[in-house]
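**Q**
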Amino acid sequence: MSAYRYRPSGLPACGRCGVMGILNVTPDSFSDGGLWLDAWERLARPVLVAASRKRFLGALPAGPVTGEPRPARARDAATGAVSALAAAQGAWAVRVHEVGATADAVRVEAALREARNARTEHGRK
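Heads up: the sequence shown runs through residues 1 to 125, numbered per UniProt numbering.
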């Protein structure tokens with residue numbers, strides 16, 4: 001621990017973390033059409049996405065009968081979707097509760113993206 005110098009914030013000043021914070025996590029987080037996703041690239045730092053089972057994921061696919069947000073344990077499919085999208089945008093890591101299902105979602109998205117890119121390279125859309 002002596003290798004680290006601590007800032008008043010309590011975070012180590014080791015040069016690894018340039019920006020920390022929460023960006024755009026409201027019930028309509030995706031209504032901006034991904035306007036801020038390229039901000040990750042401009043950060044030029046590893047980005048950790050920790051959206052697992054968060055409240056906004058329960059509000060987006062609200063229950064079809066009551067319109068109530070889904071409970072935390074019923075948000076894993078939405079977590080997988082967000083994690084796959086985050087990985088596609090270059091996230092360094094995702095923090096999740098259900099690792100297997102999320103890994104499957106990330107692999108499926110990557111395979112679909114690779115297939116789409118291969119078709120584009122061969123002149124098909």
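Every residue gets a Cβ at the ideal spot worked out from N, C-alpha and C, and that includes glycine.
Bear in mind the structure is a predicted one, so any value in this text is a computation, not a measurement.
Give me the Cα-Cα distance between Val-94 and Glu-114, rounded to the nearest whole angstrom.
**A** Looking at the two C-alpha atoms, the distance is approximately 21 Å.
**Q** Given a cut-off of 9 Å, decide if Arg-53 and His-97 are closer than it, judged by their beta-carbon atoms.
**A** Cβ distance < 9 Å, so His-97 and Arg-53 count as in contact.
**Q** Below 8 Å CB to CB, which residues in the same chain sit around Arg-73 once its five sequence neighbours on both sides are set aside?
**A** If we look at Arg-73 and ignore the five residues flanking it on each side, its Cβ neighbours are Arg-53.
**Q** Closest to Ala-50 by C-alpha separation, out of Pro-71, Val-65, Val-108 and Thr-102, would be which residue?
**A** Nearest option by C-alpha distance: Thr-102.
**Q** Just how far apart, CA to CA, sit Leu-60 and Ala-110?
**A** Roughly 24 Å between the two C-alpha positions.
**Q** So, at 8 Å on beta carbons, what are the nonlocal neighbours of Ser-85 in its own chain, with the 5 sequence-adjacent residues on each side left out?
**A** Going by the sequence as given, residue 85 is Leu instead of Ser. Excluding positions up to five away in sequence, the list reads Glu-109.
**Q** Please report the residue range of the alpha helix (DSSP H) in which Glu-121 lies.
**A** First-last of the alpha helix (DSSP H) with Glu-121: 99-121.
**Q** As a quick exercise: from His-122, Gly-90 and Thr-120, pick the residue whose alpha carbon is nearest that of Pro-46.
**A** That would be Gly-90, whose Cα lies nearest to the Cα of Pro-46.
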